[in-house]
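First up is the structure itself, then whatever we jot down about it.
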Amino acid sequence: MDKYLEEQADILLHEIKEITDWISERERDAEVEVAAIRQKYETELGALKDHLVDLDKEIVFLMKDSKGPLFDGRDKINLANGILLYAKERKITLPRDVIARIEEHGFAEAIKIAKSVDRAVIEQWPEERLFMVGGRKKLVEKFGYEVMKTEDGGRV
264 MDKYLEEQAD ILLHEIKEIT DWISERERDA EVEVAAIRQK YETELGALKD
314 HLVDLDKEIV FLMKDSKGPL FDGRDKINLA NGILLYAKER KITLPRDVIA
364 RIEEHGFAEA IKIAKSVDRA VIEQWPEERL FMVGGRKKLV EKFGYEVMKT
414 EDGGRV
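If you want the numbering used here, it's the 1-based position in the sequence shown plus 263.
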């Protein structure tokens, strides 16, 4: 046994432990500070996010409730602060027993292993096949909007 080599190794182990402990302590301190900062802004951000959800509902309601006079045959309205969008698209409605009906007709590709309907497959079906399982396509209205961004990437 070489005592000198053991002492060198022990010194290195001590340094490694000291630095590891220091790093762990600093990481804990940083996490405490980050948590405090997160907590500081959480209430304000939560309120702003809730308000944004309300505004989103309000603008969609405005567009839906006033679609005739607002859109007047247009599908896109360019405004100073953004764009209003209107579209009609087909949406499939399916009866509750659609899985049994699909199995009855042998359309296995539309059934997922978890025994749920694969709407992406059914949306590609012709109306005759959809009718066989009790589904139908109907025209639904779709509303959306985009907010304009400033030159620096921020919002107007």
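By construction, the Cβ of each residue, glycine as well, lies at the ideal position given by its N, Cα and C atoms.
{"query": "Assuming Lys-320 and Tyr-349 form a contact by the criterion Cβ under 8 angstroms, report the distance between their Cβ atoms to the nearest whole angstrom.", "result": "Actually they do not touch by this definition, with Cβ atoms about 17 angstroms apart."}
{"query": "Check whether the Cβ of Lys-405 lies closer than 7 angstroms to any heavy atom of the ligand ADP, and answer yes or no.", "result": "The ligand content of the structure shown is nil, which means the ligand ADP is not present either."}
{"query": "Can you check whether the CB of Lys-401 is closer than 8 angstroms to the CB of Glu-352?", "result": "no"}
{"query": "Residues in its own chain within less than 8 angstroms of Val-380 by CB, not counting five upstream and five downstream?", "result": "Leu-357, Val-361, Ile-362, Ile-365, Ala-373 and Ile-374"}
{"query": "Using the three-state DSSP reduction, which class does Ala-377 fall into: helix, strand or coil?", "result": "coil"}
{"query": "Can you list, in chain order, the stretches of the beta strand (DSSP E) that have 3 or more residues and sit fully within the region 316-368?", "result": "339-342 and 345-356"}
{"query": "Taking only the alpha-carbon atoms, compute the straight-line gap between Met-395 and Ala-377 and give it to the nearest angstrom.", "result": "22 angstroms"}
{"query": "Would you check if the distance between the CB atom of Asn-341 and the CB atom of Val-410 is smaller than 8 angstroms?", "result": "no"}
{"query": "Hey, would you say Leu-311 sits closer than 8 angstroms to Tyr-408, going by beta carbons?", "result": "no"}
{"query": "Quick one: residues in its chain with C-beta nearer than 8 angstroms to the C-beta of Met-326, no 5 flanking neighbours on either side, listed in chain order?", "result": "Leu-333, Phe-334, Leu-347, Tyr-349, Phe-406 and Tyr-408"}
{"query": "Under a three-way DSSP split, which group does Arg-418 fall into?", "result": "Its pLDDT being 49, under 50, Arg-418 is placed unreliably by the model, and the measurement read from it follows with that caveat. In the structure shown, Arg-418 sits in a strand (DSSP, three-state: E or B)."}
{"query": "Give the straight-line distance between the Cα atoms of Phe-324 and Glu-296, rounded to the nearest whole angstrom.", "result": "42 angstroms"}
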